[in-house]
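Under the working numbering, residue 385 is the last one in the sequence shown; the count climbs by one each step, no gaps.
Beta carbons are placed, not taken as given, at the ideal position from N, Cα and C, and that holds for glycine.
Note sheet for the following structure.
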Amino acid sequence: MSAEVQLRWLGACYFFFFAILGVMVPYLGVFFESRGFNATEIGSLLAILMATRIIAPNLWAMVADKTGMRSELIKIGAGAGALTYLSFFHPGAFWYMVVSLTVYTFFWNAILAQLEVITLETLGDKPQRYGIIRSFGSLGYIVLVVATGFAIGQWGPEVLPYIGMGLFAGMLAACLPLPANRVKVNRDAPKVTIKYAGPIGWFLLSAILLQMSAGPFYGFFVLYLKDAGYSEATAGLFVALGVIAEIIMFMLAPRLLGKYGIKPLLFISILFTAFRWLMMAWGVESLFWLSLSQLLHAFTFGLVHAASIQFIHQQFDVSRRSTGQALYASLSFGVGGALGTWVCGLVYSHNPSLCWVLAAGFAFVAALLVLPLPGRRVEAAAV
3 MSAEVQLRWL
13 GACYFFFFAI
23 LGVMVPYLGV
33 FFESRGFNAT
43 EIGSLLAILM
53 ATRIIAPNLW
63 AMVADKTGMR
73 SELIKIGAGA
83 GALTYLSFFH
93 PGAFWYMVVS
103 LTVYTFFWNA
113 ILAQLEVITL
123 ETLGDKPQRY
133 GIIRSFGSLG
143 YIVLVVATGF
153 AIGQWGPEVL
163 PYIGMGLFAG
173 MLAACLPLPA
183 NRVKVNRDAP
193 KVTIKYAGPI
203 GWFLLSAILL
213 QMSAGPFYGF
223 FVLYLKDAGY
233 SEATAGLFVA
243 LGVIAEIIMF
253 MLAPRLLGKY
263 GIKPLLFISI
273 LFTAFRWLMM
283 AWGVESLFWL
293 SLSQLLHAFT
303 FGLVHAASIQ
313 FIHQQFDVSR
323 RSTGQALYAS
333 LSFGVGGALG
343 TWVCGLVYSH
353 NPSLCWVLAA
363 GFAFVAALLV
373 LPLPGRRVEA
383 AAV
């Protein structure tokens, strides 16, 4: 299979992976509320979605780096995820949903780190094209966010498992054609110790706090808009607005990274994130401030993610890249996302606006932690 054909299939994998995210993240809270769970229970359940990212990517990365298998692990994860997702159709109580979410998200969350590594290695000396391939994921997210919002408005939240099952089947179909191009592992090569006390450590700590700040958005955004008088369909359109901004930023990111480097762009983007959450706290009833806050998603996620993936790719050699991407995914989206969603669940029922103020505080500290990273000049040459 040629590199171009493989990139098309990888784009399809991104589409379905993030389409699943576009169904689960904005609407799981609404789905669980319809089944009678309270805000604290919803926060705990949504934290599982993030928490399995702590363990799953790292376990699979260990296998990938030791065996050289990457596309095979994506196929296993997609197949097992689709099979175990069937448990989601049963209207079980709280602990049943805990087990269901834990099992199927364990397989689903193991996929992305391997997908990132294969994509960057397939691109070879053209890593600047990463944003274009990754934008297929944003497209999947936006299509399903809008479609699911209208579907819930038409048929109710119980339509969500059926949409999710179709997307899991699509994910499996998209990854099956990927060739089993195993990376040759040199077992005699000396093992390189990862130094967490330097830039990698500062970067990962910043990433954890940044994802903690996104807890209210990932877990309670649609519910927050519903409480402010918006419908699910309207909330979906606002989410879609943010993803459109994200797609545009993915197209611009290679040029920006080459010109300014990783550190300045991360710092500015995370500061914008703090301002974004403050807009959500105090401007949700204003269409202007709500729209502006969603447009800042271009920085909050789009530019931050593009810069972060490049940072990890530069800091880890070819034999440790699965480990690096898994570490980034598990600590940021896993630890950070789970803690942020859990904390928000505790606070939301008492004071929803306070969740966003706390989120802004987390983001501001995350921006400060970027400052010790290497300067612009070295990064610009490396991108």
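Boundaries of the alpha helix (DSSP H) in which residue i is found, first to last residue
i	result
H307	V306 to Q317
E287	Premise fails: E287 is in no alpha helix (DSSP H) and is neither H nor E.
P354	P354 to V372
L254	E234 to Y262
K394	This structure gives no information on residue 394, because the portion of the chain shown stretches from 3 to 385.
A176	L162 to C177
G126	First-last for G126: undefined, no H or E at that position.
F138	Y132 to W157
Cβ-based burial, residue i [other Cβ within 10 Å; buried from 16]
i	result
Q156	exposed
R55	buried
N40	exposed
H299	buried
F91	exposed
S4	exposed
Y98	exposed
R379	In this prediction, R379 has a pLDDT of 39, which is less than 50 and means its spatial position is unreliable; nothing more can be read from the coordinates.
R257	exposed
D127	exposed
L88	exposed
A400	Summary: the structure shown does not reach residue 400, with the chain confined to residues 3 through 385, and so no result is reported for it.
M52	buried
M214	buried
N111	buried
F290	exposed
Y164	exposed
A115	buried
L178	exposed
G200	exposed
E287	exposed
A383	In this prediction, A383 has a pLDDT of 36, which is less than 50 and means its spatial position is unreliable; nothing more can be read from the coordinates.
A21	buried
L61	exposed
H315	buried
H307	buried
S351	exposed
E160	exposed
Three-state class that DSSP yields for residue i in the structure shown
i	result
N111	helix
G338	helix
H299	helix
P266	helix
L375	coil
P201	helix
S332	helix
A182	coil
A21	helix
A276	helix
A14	helix
G94	coil
S2	Absent from the structure is residue 2, since the part of the chain shown begins at 3 and ends at 385.
S351	coil
A384	Since pLDDT at A384 reaches only 37, below the 50 mark, its modelled position is unreliable, and the value read off the structure follows with that caveat. The answer is helix: DSSP assigns A384 an H, G or I state.
Cβ-heavy atom distance, residue i to the ligand FAD, below 7 angstroms
i	result
F240	Among the ligands in the structure shown, none appear at all, so the ligand FAD cannot be discussed.
Within-8 angstroms CB hit, residue i to chain B
i	result
L141	Within the model displayed, chain B is absent; a lone protein chain is all it includes.
Fill in: Continuous alpha helix (DSSP H) assignments of at least 4 residues falling wholly in the segment 26 to 89
If we require 4 residues or more, the alpha helix (DSSP H) runs fully inside the segment 26 to 89 come out as 41 to 69 and 73 to 87.
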